[in-house]
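Offset between the sequence shown (1-based) and this note's numbering: plus 15. C-beta: ideal position from N, C-alpha, C; glycine also. A quick write-up on the structure given underneath.
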Amino acid sequence: MSITAAIICAVVYAVINWLDPYTLSWQCLNRPIVVAPLVGLLLGDFQTGIIMGASLEAIFMGISAVGGSIPSDCLSGSIIAVAYTIVVGGDGAMETGLALSLTIGTVMSTINTMLMPLWAGLAPYWERLASECKPNKFRAISMVVNFIACLPGAAIIFLGVAFGIEGLQAGLAACPAWVMTGLAAAGTMMTAVGFGILLSMIWSTDIAVFYFVGFICAKSLGLSSLGIAVIGAAIALTLFFIDKRIIDAKNAVAAAPAAGAAAPANSEEDFF
16 MSITAAIICA VVYAVINWLD PYTLSWQCLN RPIVVAPLVG LLLGDFQTGI IMGASLEAIF
76 MGISAVGGSI PSDCLSGSII AVAYTIVVGG DGAMETGLAL SLTIGTVMST INTMLMPLWA
136 GLAPYWERLA SECKPNKFRA ISMVVNFIAC LPGAAIIFLG VAFGIEGLQA GLAACPAWVM
196 TGLAAAGTMM TAVGFGILLS MIWSTDIAVF YFVGFICAKS LGLSSLGIAV IGAAIALTLF
256 FIDKRIIDAK NAVAAAPAAG AAAPANSEED FF
């Protein structure tokens, strides 16, 4: 199972990393909410993939590259976390996978950064192709090189899933119970940490009231996340249309004096 899962995970990493961001530049196919269900489906546990995808997306949602910082690679972290959860199974596997996802993603980001100078060394070749005005050759060779650039990461994913999961499982099995309890608690808190990082970026006094309204709906009223999301969407649409009407009214008022000033000139022309 581990070798088969390793091959599947390596192929998924190579194909998705080649398509996005290298080829399509969509920056969405490599998100956990897309990758995790796909890996879960291919490994035979689609439900776990969906659950892990939602949790991992919440964790990685607030992580971004700021300045010279290197964000954790959500693609590799999601693939290995889902593979670990499905292959190992049992109680606590999902929480452990969530806790390991950031560490795995950070290691993979460091490795990818170390390989960047190798691909940057091809810059003179790309400049020569561009100066020769050969767009088709430039496009074809760049796609091949981009796929080759994905192979080292795919090899690491294969080795990690094929041989690392069993070793990791043995190491975690040897840990005391309090270590596993703390690791499970950390994995559970990662979702809240991800939302906290995202909230710190968009926080303002204008939206603070909605934070507390959502907390009351979840804690006191016992509403589900879907119900709170529907209420939030309804409030957002209502505020959007109110603001739109105010802006349209201001534009109409601003355009009225200009139309009034132009009216005498038009009437004078009509008179003569």
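Would you please state the rounded distance, in angstroms, between the beta carbons of Ile-126 and Tyr-28? I believe it to be under 8 Å. Not a contact, Cβ separation roughly 13 Å.
Which residue marks the beginning of the alpha helix (DSSP H) containing Phe-178, and which one marks its end? Looking at the DSSP string, Phe-178 is not in any alpha helix (DSSP H), and its letter there is neither H nor E.
Which residue comes first and which comes last in the alpha helix (DSSP H) that contains Ala-25? 17-32
Using 8 Å as the cut-off, can you tell me whether the stretch 142-157 makes contact with the stretch 115-130, which would need three or more C-beta pairs spanning the two stretches below that distance? no
How far does the alpha helix (DSSP H) with Cys-43 in it reach, from first residue to last? Careful: Cys-43 lies outside any alpha helix (DSSP H) and carries neither H nor E.
Leaving out the 5 sequence neighbours to the left and right, which residues in its chain are closer than 6 Å to Asp-88 when beta-carbon positions are compared? Gly-120, Met-123 and Ser-124
Express the C-alpha separation of Leu-90 and Leu-117 in angstroms, rounding to a whole number. 11 Å
Let's test the definition: count the other Cβ atoms within 10 Å of the Cβ of Gly-197 and tell me whether it reaches 16, buried, or not, exposed. exposed
Sort Phe-153, Leu-58, Gly-92 and Pro-132 by Cα distance to Tyr-140 and report the nearest one. Phe-153
Hey, Leu-137 and Val-159 are a contact pair by Cβ (cut 8 Å); roughly how many whole angstroms apart? With a Cβ gap of about 12 Å, Leu-137 and Val-159 do not count as contacting.
Would you mind reading off the limits of the alpha helix (DSSP H) that contains Met-67? 61-75
Tell me the DSSP secondary structure of Leu-14 in three-state form. Lying outside 16 to 287, the shown extent of the chain, residue 14 is not represented and no answer is given.
Does DSSP put Ser-157 in a helix, in a strand, or in coil? helix
Coil, strand or helix - Thr-118 by DSSP: helix
By alpha-carbon positions, which one of Ile-78, Ala-164 and Thr-63 ends up nearest to Ile-31? Ala-164
Within the same chain, show all residues whose beta-carbon is closer than 7 Å to that of Ala-185, passing over the 5 residues directly before and after it, in chain order. none
Take the Cβ of Phe-286 as the centre, count every other Cβ of all protein chains shown within 10 Å, and call the residue buried at 16 or more, exposed below. The predicted position of Phe-286 is uncertain, since its pLDDT is 43 and thus under 50; a value taken from the coordinates is nonetheless stated next. Result: exposed.
Is it true that the CB of Cys-24 sits closer than 8 Å to the CB of Ile-172? yes
8 Å Cβ cutoff met for Ser-17 and Val-102: yes
Among Thr-128, Cys-190 and Ala-192, nearest to Pro-167 - alpha-carbon criterion: Thr-128
To which residues of the same chain is Leu-56 closer than 8 Å at the C-beta, ignoring the five residues directly before and after it? Gly-64
In whole angstroms, what separates the C-alpha of Ser-40 from that of Ser-235? 43 Å
In angstroms, rounded to a whole number, what distance separates the CA positions of Gly-211 and Leu-144? 46 Å
So for Asp-221, helix, strand or coil by DSSP? coil
Nearest-angstrom beta carbon gap, Ile-180 and Tyr-99 [assumed within contact, 8 Å]: 5 Å
Mapping DSSP to helix, strand and coil, what is Ile-78? coil
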